[in-house]
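Last residue of the sequence shown: 1863 in this note's numbering, with the numbers rising by one and none dropped. Glycine included, each C-beta is placed from N, C-alpha and C at the ideal position. Some notes on the structure that comes next.
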Amino acid sequence: MTPGRRSSTFTRLLRHGFTDASAAERLLDSPELAAVRDDPVLLEALGATADPDLALHGLVRLLEAQPGHTARRELLDTLIAAKPLRDRLLGVLGASAALADHLARHPRDWEALVTYEPRDLHPGVAEFERGLAEAADPISLRVAYRRCLLSIAARDVCGTTDVAETAAELADLATATLRAALTLAERAAPADAAACRLAVIAMGKCGGHELNYVSDVDVIFVGEAADGADEAKALRSATKLASHMMRICSETTVEGSIWPVDANLRPEGRNGPLVRTLSSHLAYYQRWAKTWEFQALLKARPVAGDLDLGAEYIAALEPLVWKAAERENFVADVQKMRRRVVENIPAAEIERELKLGPGGLRDVEFAVQLLQLVHGRADATLRSGTTLDALQALAAGGYVGRADAVQLDDAYRFLRSMEHRIQLYRLRRTHLVPEGEADLRRLGRSLGLRADPVTELTREWKRHSGVVRRLHEKLFYRPLLDAVAQLGPGEARLSPKAARERLEALGYADPAAALRHLEALASGVTRKAAIQRTLLPVLLGWFADSADPDAGLLNFRKVSDALGKTPWYLRLLRDEGAAAENLARVLSAGRLAPDLLMRAPEAVALLGDGDGGGLELRGRAQLEQEILAAVGRAENAEDGVRAARGVRRRELFRTAAADIVDSYGTETKPAEADQGALVDRVGAAVSDLTAATLAGTLRAVVRDSWGDTLPTRFAMIGMGRFGGHELGYGSDADVVFVHEPREGVDERESADAANKVVAEMRRLLQVPSADPPLLIDADLRPEGKSGPLVRTLKSYEAYYRRWSLVWESQALLRADPVAGDEELGRRFVELIDPLRYPAEGLGEDAVREIRRLKARMESERLPRGADPKLHTKLGPGGLSDVEWTVQLLQLRHGWAEPGLRTTRTRQALAAAQAAGLLGAEDAAILDEAWVLATRVRNAVMLVRGRAGDTFPTESRELAAVGRYLGYGDGHAGDMLDAYRRTTRRARAVVEELFYGA
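The following block contains the structure:
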């Protein structure tokens, strides 16, 4: 061959899509192709395949395998003369190395592709049964199966059939194969065959008439005794036949395997009997079946064995399938199962997972099946096992928007086509998009993407996947809006009854009221209504993910009514990714956060992810600076405190919203796993906010009556949870007040001024207004309610020197200056340190007194009728148990261990462990119980809008507490069990460490 000619051929090969033109030249020069190597028809046909190099290599192997020169000549002549064969054979060789291997082993099977009659275009079960009829053993069955598969693949790659028709043909071939395998099993054991009736029910994609090239074939077996036979013996015979049939299909031989037959969808899965009677199946589904098992039955179809028995099975179970949507937590169960599937995908594969990943095939299938189960109860047209047929029926009935259905149909077909071509290459079961350049190029070309196959394939795949990801949840909700909105005449929509059914299935307790809210929000032709129709499908899904969807929707309507005319509100929700989801979570998580928001709806702006700080919590200095500046601008004390309370209300909302979002998680950010961090954030934020509010209120009151300087130095000392920086949403501000007359001011005048300040602060912080009150509790002062409200530092010194009791030393462990004169606060701390950290620790008498007080409190203070084991404050293993145990360690060892000199419970507990005063395991048990009890108290306040120390009794409120703590629908019992278990362990530690048991 001359150099010039080689260069010309090389260029032509590259132009026709060959990537290794040198190797292709060598193959074209082989003796097998000598007669046709220069025929332009051959080169054009090779260039039209998915992988010209692969097709040429397969063709040479097929020619080499022909039994002689005559057979090779026949193949080449037919190939050049008959375009149908040329397209089919080279198309298969260019798409499937596995089928090229089959043809090399069975070189005459190419003849199966020659015929091109109309009846060959869409064969059904009968045609495939004829194709398998001569199979006399498992090996010949495999060969015949591959021959039939060859013709399906040929029609597929040539575009004679579309992806849905190809999937249906593959299911029909599987049906014929199961029948042939069962026949072989019956021939091998005629006595067993005579003793029983055995029906094979196809499930999954085979049952749905939408099978892949390589997939497990899911089945369920139903067996009955033949006339006069013993039932137990008949079931044993049926089990032998079923097992043998499965082995015939699944076992690997010299011709490979066909596909695994999987019977794990049967009742009890792998733990249940392989074959059951019809009555046994029925009893299981009536009593024990889970939601997903009814979902799986949507695809059930009798395919082999006793078809009459199979029909009886379908008739018996069908009514149960269409009642599944009435089960408690039905939608939540289905969606939870979908999430579990995604969570189990290895992180390295999730972006390449075509079937199970987000935006994949399973998203479409789950969404369609869920809608079928909800609406198929009343509409028999929806009862199809085939995904695309069901989607079309849902659109025709108005259950899915037509535009959404068209987009999903396109996306599903594209993704299934990708899946088919990926599997066809090696005939291996995989749903992962390949990573190699050559594989992606072949895949793109097989789908008709020829200009830049890899780039075009990636773009199209991501586009269709994005459509699925965006639409699969909206499918449930958008038609609800169409049902109440003013649509064009003749457009299909949900009937009011169907809309109510869907809302009920999604967890709405009052679907009629929900529909009224939707109508108020989304009907009309205004731009506002149009934006709401865009937002609501997603919002409804997030509401449905909560314990109280009705409240979420009602609250959203209230906020929208209040802010609907402001230009930024709907724009914020539409354009800022986090805002809409954060709002949905906040509005449906309970009463506190929505109540705070309704008092000043413009705070919804905090939920965005823009430059305004969003839900990032602010520190003490920042809060105090803003409040003091607002007080400084006010004309009088009332206005100043009103401004301070306004800031407090806004920041309480910010704290609650951030807590809810962190606890629930979002689509882009998982829930916070560190429960202690959540507790610490809330405690610090509410404590800082309370301190800043008191500082601003003090400034306002002093300035209003005395100008810049009060006649006495004045400080507020935080006590209890306030001093410990552990305030919850429902906590009062425990404080004691201390003052010291300024030079030249007599004690009476200074005392009057201090008392007036306290009285005015308490009044102004409780004046009825749109802002929540802040209650100041001074009962932890010396002598309690009987003692003076305000004392001088000298008076405290005299009292503590003469009269102080051990419980007061314990209370002072939490004392920390929070507002007022910093130097006076520091001196107060110096005064009390010897009391709370006594030199050489507590004596035995004092320890006994503390234990006696604790025991009396446990018996006397628990509310009547409360379940002690679920009381977060006074119950065994609750807050009081943990705090008294830690405080006893502080009183006994604080003098010697500087780390114990803190007002914060968790810090003191960690310091005690570091000092060796308790073991790491005991410390972890106490910490876990304290954190959990604190979280429960916060949850109760968020959910009910009022403080409480016990779990709610109303089921929705209890479920909402569970959601906040990370428990899904239907798992409130698990939450209570976990609480009892955690606190029981903590109480055992308390018995040992506190009581010395």
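Which partner residues of residue i appear in the DSSP bridge assignment?
{"i": "ALA1170", "result": "VAL1066"}
{"i": "ALA1298", "result": "Note on identity: in this sequence residue 1298 is Leu, with Ala being the wrong assignment. DSSP, once it has assigned bridges, lists GLU1219 as partnering LEU1298."}
{"i": "GLY1506", "result": "None, per the DSSP bridge assignment."}
{"i": "LEU1088", "result": "Reading off the sequence, residue 1088 comes out as Val, not Leu. Looking at the DSSP assignment, VAL1088 forms a beta bridge with ALA1065 and ARG1142."}
{"i": "ASP1682", "result": "GLY1584"}
{"i": "HIS1737", "result": "THR1816"}
{"i": "ARG1657", "result": "VAL1604"}
{"i": "ALA1599", "result": "ILE1642"}
{"i": "VAL1083", "result": "VAL1127"}
{"i": "THR1119", "result": "GLY1122"}
Mind checking residue i: buried by the 16 CB within 10 Å criterion, or exposed?
{"i": "VAL1633", "result": "exposed"}
{"i": "GLN1152", "result": "exposed"}
{"i": "LYS816", "result": "The requested residue 816 does not occur in the structure, where the chain is confined to residues 867 to 1863."}
{"i": "ALA1543", "result": "exposed"}
{"i": "TYR1278", "result": "buried"}
{"i": "THR1321", "result": "exposed"}
{"i": "ASP1711", "result": "exposed"}
{"i": "MET1723", "result": "exposed"}
{"i": "VAL1066", "result": "buried"}
{"i": "ILE1114", "result": "buried"}
{"i": "LYS1189", "result": "exposed"}
{"i": "SER874", "result": "exposed"}
{"i": "ASN1210", "result": "exposed"}
{"i": "ASP1416", "result": "buried"}
{"i": "PRO1004", "result": "buried"}
{"i": "GLY1862", "result": "exposed"}
{"i": "GLY1478", "result": "At GLY1478, the pLDDT of 42 sits below 50, so the modelled position is not reliable; the number obtained from the coordinates is stated separately. By the 10 Å Cβ count, GLY1478 comes out exposed."}
Taking only the alpha-carbon atoms, compute the straight-line gap between residue i and residue j and give it to the nearest angstrom.
{"i": "ASP1793", "j": "VAL1545", "result": "11 Å"}
{"i": "GLU1301", "j": "ARG1307", "result": "10 Å"}
{"i": "PHE884", "j": "ASP919", "result": "6 Å"}
{"i": "LEU928", "j": "ARG1013", "result": "15 Å"}
{"i": "ARG830", "j": "GLY1480", "result": "Residue 830 is absent from the structure shown; the chain starts at 867 and stops at 1863."}
{"i": "ILE1583", "j": "ARG1657", "result": "12 Å"}
{"i": "LEU1646", "j": "PHE1694", "result": "15 Å"}
{"i": "GLY1354", "j": "ILE1397", "result": "Here the model assigns GLY1354 a pLDDT of 48, short of 50, so the residue's position is not dependable, and the following value carries that caveat. Each residue's Cα considered, the two are about 18 Å apart."}
{"i": "VAL1207", "j": "ALA1371", "result": "22 Å"}
{"i": "LEU1518", "j": "GLU1303", "result": "54 Å"}
{"i": "ASP917", "j": "LEU909", "result": "13 Å"}
{"i": "GLU1192", "j": "TYR1595", "result": "38 Å"}
{"i": "LEU1728", "j": "TYR1343", "result": "47 Å"}
{"i": "ARG1850", "j": "THR1253", "result": "50 Å"}
{"i": "ALA963", "j": "LEU956", "result": "12 Å"}
{"i": "GLY1865", "j": "PHE1817", "result": "Here the chain has residues from 867 to 1863 only, and residue 1865 is not among them."}
Quick test of your reading: residue i and residue j, contact by CB under 8 Å. State the CB separation rounded to the nearest angstrom.
{"i": "ILE1493", "j": "ALA1551", "result": "Contact flag wrong, Cβ pair sits at about 15 Å."}
{"i": "ALA1466", "j": "ARG1515", "result": "7 Å"}
{"i": "ARG1063", "j": "ASP1172", "result": "4 Å"}
{"i": "ALA1644", "j": "VAL1601", "result": "6 Å"}
{"i": "PRO1864", "j": "ARG1692", "result": "Here the chain comprises residues numbered 867 to 1863, so residue 1864 is not present and cannot be evaluated."}
{"i": "LEU912", "j": "HIS882", "result": "7 Å"}
{"i": "ALA1020", "j": "ARG954", "result": "4 Å"}
{"i": "ARG1295", "j": "VAL1085", "result": "16 Å between Cβ atoms; not a contact."}
{"i": "LEU1140", "j": "ALA1129", "result": "6 Å"}
{"i": "VAL1623", "j": "LEU1576", "result": "7 Å"}
Closer than 7 Å by C-beta to residue i: which residues in its own chain qualify, once you throw out the five before and the five after it? Chain order, please.
{"i": "GLY1430", "result": "LYS1394"}
{"i": "THR1563", "result": "VAL1507, ALA1510, MET1627, LEU1630 and LEU1631"}
{"i": "ALA1428", "result": "PRO1467"}
{"i": "ASP1747", "result": "ALA1852, ARG1853 and VAL1856"}
{"i": "ILE1824", "result": "Before going further, note that residue 1824 is Leu rather than Ile in the sequence given. Excluding residues within five positions, the ones whose Cβ falls inside 7 Å are PHE1817, PRO1818 and ALA1838."}
Residues in its own chain within less than 8 Å of residue i by CB, not counting five upstream and five downstream?
{"i": "VAL907", "result": "ILE946 and ARG952"}
{"i": "SER1006", "result": "GLU1000"}
Only counting the same chain, and skipping five residues up and downstream in sequence, which positions put a Cβ closer than 6 Å to that of residue i?
{"i": "LEU1453", "result": "GLY1418, ASN1421, PHE1422 and PRO1460"}
{"i": "TYR1830", "result": "SER1529 and ALA1805"}
Hey, is residue i close to the ligand ZN, as in C-beta under 7 Å from one of its heavy atoms?
{"i": "LEU1290", "result": "The ligand ZN is absent from the structure shown, which contains no ligand whatsoever."}
Counting only beta-carbon separations shorter than 8 Å, does residue i have a partner in chain C?
{"i": "ARG1587", "result": "Given the protein chain composition of this structure (a single chain), no chain C is represented."}
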